[in-house]
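Peer 1:
Residue numbers (our numbering): 181 to 584.
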């Protein structure tokens, strides 16, 4: 038995927004007989009880829950108060529980904010940049923009001192405006940022494709997907801005994770890890899937009402799923000098050419070639006990040490 993480989706794919690029809205087709996507109390209790027990058995003393959707705040504040109550009921002595909530923010109010602060939730708020860029794809079911409501949520969370990071989906439109996006978030006061590149494929019917297989390799990349070269340039531009002004003040998940890799640490993001399979997803009815991006019938492990969640996570099928990331690595990746930092990326995005190279291979190569000298320098600073932020003086130097 091993430690694992679960992305819980207690509302399934149900959401009050209708973002053009959302890969999860179509998941309601998995449950055509469902009229209401809401995790029942008995399923919720089974999940919380058994997940805590499974993690405690393998030595975990800080157990993390992650709540996502769809839009989880559709469940209402009372539902999340029940979640916390159940967690406290089943938390063993000497163990701590943490919660992360990913939300579009449009349903938050002062009562929500007080609760999130009181219970020390980490909130992930989705913002794709300034309003014109954010609203390009992120609108509600009436087609109305969502940016003003999201900004209200950001200000509300700040006033109540709720720990908040921002998740920005890098798409076809905002990828062309990297500094505008980054500076906008920085000027809002965002200290923790995640930039998630978007690529989805559609089949001949226009529906989103399942993960790559021999039957669907020729499916079309969706029009909102970011171009690989644009995403690479996006990362490089933001990295340069961060390097000059914000190291130690703004924390960009990808940059921090790769700095850890340059220090010899294993990648903390599954996308860049050698193997995967430790990040599962649970649907509203208790169905457990191999991964948040693999919620398809063929990747269903079972239901937690029938089989213990720890047993499902340790099933040979799931172990093989995780190993396949390494075992099916294309030859070009095996020979690549950046393999240690990339490991072929997410298997769902491996669909280019005869070798099924990752769609973001070009993006990653552009970024690694550009950032490697600075990541190496920051790693050396840290090994010497100096702050990584010292690099800002080095890159701003007018002398021969200046690199950018």
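Every residue, glycine too, gets a C-beta built ideally from N, C-alpha and C. Since we're looking at a predicted model, the values are computed, not measured.
1) Distance, Cα to Cα, residue 467 vs residue 476?
2) Taking 8 Å as the threshold (C-beta atoms), are residue 557 and residue 502 in contact?
3) How far does the alpha helix (DSSP H) with residue 312 in it extend, from its first residue to its last?
4) Please list, in chain order, all residues of the same chain as residue 360 whose beta carbon is under 7 Å from its beta carbon, the five residues on each side excluded.
5) From residue 222 to residue 203, what does the alpha carbon distance come to, in whole angstroms?
6) Quick one, are the C-beta atoms of residue 377 and residue 543 less than 8 Å apart?
7) Can you check the region 228-298 for any alpha helix (DSSP H) of at least 4 residues that lies completely inside it and give the ranges in chain order?
8) On the DSSP letters alone, give me the boundaries of the beta strand (DSSP E) that residue 530 sits inside.
9) Comparing alpha-carbon positions, which option in 406, 434, 358 and 411 lies nearest residue 374?
10) Tell me the start and end of each unbroken alpha helix (DSSP H) in the region 444-510 that is at least 4 residues and wholly inside, in chain order.
11) If we ignore side chains and look at the alpha-carbon of each, how far apart do residue 323 and residue 231 end up?
12) Consult DSSP for residue 418 and reduce its assignment to one of helix, strand or coil.
13) Would you mind reading off the limits of the beta strand (DSSP E) that contains residue 345?
14) Going straight from the alpha carbon of residue 580 to that of residue 572, what length do you get?
15) From 307, 354, 317 and 319, pick the residue whose C-alpha is nearest to that of residue 335; which is it?
16) Can you look up residue 185 in the DSSP assignment and give me helix, strand or coil?
17) With a threshold of 8 Å, are at least 3 pairs of Cβ atoms found where one atom belongs to the region 405-418 and the other to the region 510-525?
18) Go through its chain and collect everything with a Cβ distance to residue 449's Cβ below 6 Å, but skip five positions before and after it.
19) Where residue 547 and residue 268 are concerned, what is the direct C-alpha to C-alpha distance, given to the nearest angstrom?
20) Look at the alpha carbon of residue 244 and the alpha carbon of residue 236, and state the distance between them as a whole number of angstroms.
21) Which of helix, strand or coil does DSSP assign to residue 553?
22) With the cut-off set at 8 Å, would you say residue 568 and residue 442 are in Cβ contact?
23) Cβ atoms of residue 297 and residue 341: under 8 Å apart, would you say?
24) Run through DSSP, which three-state label would residue 193 get?
25) According to the Cβ coordinates, are residue 333 and residue 304 closer than 8 Å?
26) What number of angstroms, rounded off, separates the C-alpha of residue 350 from the C-alpha of residue 273?
27) Looking only at C-alpha atoms, which of 290, 191 and 200 sits nearest to residue 248?
28) Assuming residue 462 and residue 189 make a contact with CB atoms under 8 Å, what is their CB distance in whole Å?
29) Give me, in chain order, the residues of the same chain whose beta-carbon lies closer than 8 Å to that of residue 313; leave out the 5 immediate sequence neighbours on both sides.
30) Could you compute how far the alpha carbon of residue 238 sits from the alpha carbon of residue 508?
31) Kindly indicate the opening and closing residues of the beta strand (DSSP E) around residue 376.
32) Measure the C-alpha to C-alpha separation of residue 199 and residue 320 and round it to an integer number of angstroms.
33) State the start and end residues of the unbroken beta strand (DSSP E) segment that holds residue 303.
34) With DSSP as the reference, identify every bridge partner of residue 538, one or two as the case may be.
35) Per DSSP, which one or two residues make a beta bridge with residue 431?
36) With DSSP collapsed to three states, give me the class of residue 564.
Peer 2: Quick look at the numbers:
1) One C-alpha to the other measures close to 11 Å.
2) Residue 502 places its beta carbon 8 Å or farther from that of residue 557.
3) It spans 311-317 - the alpha helix (DSSP H) in which residue 312 sits, taken as one unbroken run.
4) Within the same chain, 309 and 310 come within 7 Å of residue 360 by CB-CB distance, once the 5 residues on both sides are set aside.
5) Using only the alpha carbons, I get a separation of about 28 Å.
6) Yes, the pair counts as a contact, with Cβ atoms nearer than the cut-off.
7) Listed in chain order, they are 257-270 and 290-298.
8) Element bounds for residue 530: 530-532.
9) Distances from the alpha-carbon of residue 374 to those of 406, 434, 358 and 411 put 434 closest.
10) Within the region 444-510, the runs of alpha helix (DSSP H) that reach at least 4 residues and sit entirely inside it are, in chain order, 489-493 and 496-507.
11) Using only the alpha carbons, I get a separation of about 39 Å.
12) Judged by DSSP in its simplified three-state form, residue 418 adopts helix.
13) Note, residue 345: beta strand (DSSP E), 344-350.
14) Interpretation of residue 580 is limited by its pLDDT of 43, a score under 50 that renders its predicted location unreliable; no figure is taken from the coordinates.
15) Comparing Cα-Cα distances from residue 335 to each of 307, 354, 317 and 319, the minimum goes to 307.
16) If DSSP states are grouped into helix, strand and coil, residue 185 belongs with the strands.
17) Flag = no, the region 405-418 and the region 510-525 do not touch.
18) Excluding sequence neighbours, residue 449 sits near 437.
19) Rounded to the nearest angstrom, the two C-alpha atoms are 43 Å apart.
20) Answer to the nearest angstrom: the Cα atoms are 11 Å apart.
21) Looking at residue 553 - three-state DSSP - the assignment turns out to be helix.
22) Between residue 568 and residue 442, the C-beta spacing is not below 8 Å.
23) A contact, by the Cβ cut-off of 8 Å.
24) Coil.
25) Not a contact, by the Cβ cut-off of 8 Å.
26) Looking at the two C-alpha atoms, the distance is approximately 42 Å.
27) When 290, 191 and 200 are compared, the shortest CA-CA separation from residue 248 is found for 191.
28) At roughly 7 Å, the Cβ-Cβ gap stays under 8 Å, so residue 462 and residue 189 are in contact.
29) Excluding positions up to five away in sequence, the list reads 353, 354, 357, 360 and 361.
30) Going by the C-alpha atoms only, they are around 29 Å apart.
31) Element bounds for residue 376: 372-377.
32) Looking at the two C-alpha atoms, the distance is approximately 7 Å.
33) First-last of the beta strand (DSSP E) with residue 303: 302-306.
34) Residue 538 pairs with 530.
35) Under DSSP, residue 431 shares a beta bridge with 372.
36) DSSP places residue 564 in coil when its eight states are reduced to three.
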